[in-house]
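Count along the first sequence from 1, then add 33; that gives the number in this note's numbering.
C-beta atoms are modelled at their ideal positions from N, C-alpha and C, and glycine is treated no differently.
These numbers come from a predicted model, not from an experiment.
Worksheet: the structure to be examined is printed underneath.
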Amino acid sequence: MLTNIFELVYLRKARIEKLDWERMVETPSVADLYALLPGRTMQAVGRRAKWILVTLDAGWTLAVHLRMSGQLLVQGPEATPRSHVHLVLALADGRRIFFDDERKFGRVRLLDAAGLRALDASFGPEPLDPCFTPGVLGQVLAGRRVKIKVALLDQRIIAGLGNIYASEALWLAKIHPLRLASSLTQEEIARLYSAIRQVLAVAIENQGSTLRNYRNSYGESGQNQDHFQVYDRRDAPCANCGTAVMRIVVGQRSTYFCPTCQPEV
DNA sequence: CATTACCTGCAA
DNA sequence: TTGCAGGTAATG
C-alpha cells in the first residue's frame with residue numbers, strides 16, 4: 034500500500050549508487066537503466082494495481098513492485114543501508130532511496146509511454162476509483178468459472194487486492210471463498226463491492242498491514258494487522274457469531290473465513 | 001485448472 | 001527439519 038510519497042524529491046543529476054541484484058530490473062536492460070535514469074526528475078508518485086509509479090520527465094515512468102518483502106525507504110545522507118538493500122538511488126538533495134527486499138522478489142521497470150499504457154491495460158478496475166461500481170464488479174466477474182477468492186486475487190480481473198484483503202472482504206460480504214465467481218447473485222455482488230471498498234479504506238486509514246516487512250517510506254509500520262477479522266486468525270472467534278475462524282487453502286494460498294457467516298457452496 | 005519456481009527467514 | 005509467508009510468472 035502506498036502510504037506516502039517522496040514529496041518532491043529530485044533525481045536530477047542523481048546516480049544509481051548501488052545495484053547488487055540485477056534480476057530485480059525487468060526492463061530495460063541494466064545497462065540501459067544506467068544510461069537513462071540519471072538526470073531524470075521525479076515529478077509525481079502514483080499507483081496502478083500493486084505497482085508504485087514514479088512519473089519522471091521526458092515521458093519516462095519508474096515502476097516499482099514490492100512483491101512480498103520489499104520496502105522503498107527515503108533516507109538521509111548519513112543512513113547506512115541494511116544488508117537487504119539491493120538498489121540505492123542518490124538524490125540531488127543528498128537523500129537516498131533504498132529498495133530493501135529480504136526475499137528479492139521485488140521488481141523495477143523503467144517504462145516509456147507505451148510501456149506504461151501496456152502495464153495499465155493489463156489490469157482490471159481499481160476498486161477505489163469512482164468509476165468502480167457494483168455494475169462494474171458484476172461485469173468483471175460475469176461468466177468466470179473460478180472460485181471467488183481466486184478471482185479477487187487475479188489482478189487482470191480486479192486490481193490491488195492481495196491475500197489479506199481478499200479474505201477480509203469475503204468475510205465482510207458473508208461470501209464463502211469457494212463460491213464460483215459466476216454464481217454470485219446481484220445482492221452478493223453489491224455486498225462484495227461495499228466490502229472491498231470498506232476493507233481497503235480501513236486498511237489505508239490504518240496505514241497498511243505489517244506482518245513482517247511492510248513499512249512506509251519513512252520506515253514506519255502499519256497498524257491494520259490489529260484490525261484483521263479473519264486473516265491469520267485460525268480458531269479465533271468470529272466477531273459476528275463466535276464460531277471459530279477456519280483456514281483452508283484456495284489456489285495455493287491460505288484463506289480464512291467463518292463457516293457460519295459465510296455459508297458453504 | 002494445479003503445481004513449481006523464485007528467495008530468505010522465522011516459528012512450529 | 002519442515003512448513004509457511006503480504007506475489008506473480010512460468011510451467012504441466
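Based on DSSP bridge pairs, tell me the residues matched to residue i.
i    : result
Q108 : R129
T113 : For T113, which the question treats as bridged, DSSP gives no partner whatsoever.
M279 : F290
K51  : V121
R142 : T60 and A96
P270 : A277
M75  : L89
L213 : K180
G103 : D134
R150 : The partner list for R150 (beta bridge, DSSP) is empty, contrary to what the question assumes.
R81  : W84
Less than 8 Å between the C-beta atoms of residue i and residue j, yes or no?
i    : j    : result
D133 : L174 : no
R73  : A96  : no
R230 : L161 : yes
R80  : L86  : yes
R178 : L233 : no
V282 : Y289 : no
L143 : W93  : yes
A147 : E50  : no
A125 : Y67  : no
A199 : L186 : yes
Q262 : A272 : yes
K180 : L211 : yes
L152 : I222 : no
According to the neighbour-count rule (16 or more other Cβ atoms, all chains shown, within 10 Å of its Cβ), is residue i buried or exposed?
i    : result
E201 : buried
C291 : buried
R56  : exposed
V298 : exposed
S242 : buried
G255 : buried
Y251 : exposed
A228 : buried
V63  : exposed
K46  : exposed
C274 : exposed
State yes or no: is the C-beta of residue i nearer than 7 Å to some heavy atom of the ligand ZN?
i   : result
L66 : Within the structure as shown, the ligand ZN is missing, as the structure has no ligands at all.
What residue does the alpha helix (DSSP H) around residue i start on, and which one ends it?
i    : result
Q219 : Q219 to E238
V183 : I181 to L186
Q295 : Element bounds for Q295: n/a, residue is neither H nor E.
Residue i lies in the beta strand (DSSP E); which residues open and close that run?
i   : result
L86 : W84 to L89
- Item | the region 129–144 / the region 100–118 touching (three or more Cβ pairs under 8 Å) | yes
- Message: Check whether the region 235–254 and the region 207–223 are in contact - that is, three or more C-beta pairs closer than 8 Å.
- Response: no
- Item | Three CB pairs or more closer than 8 Å across the region 115–123 and the region 151–159 | no
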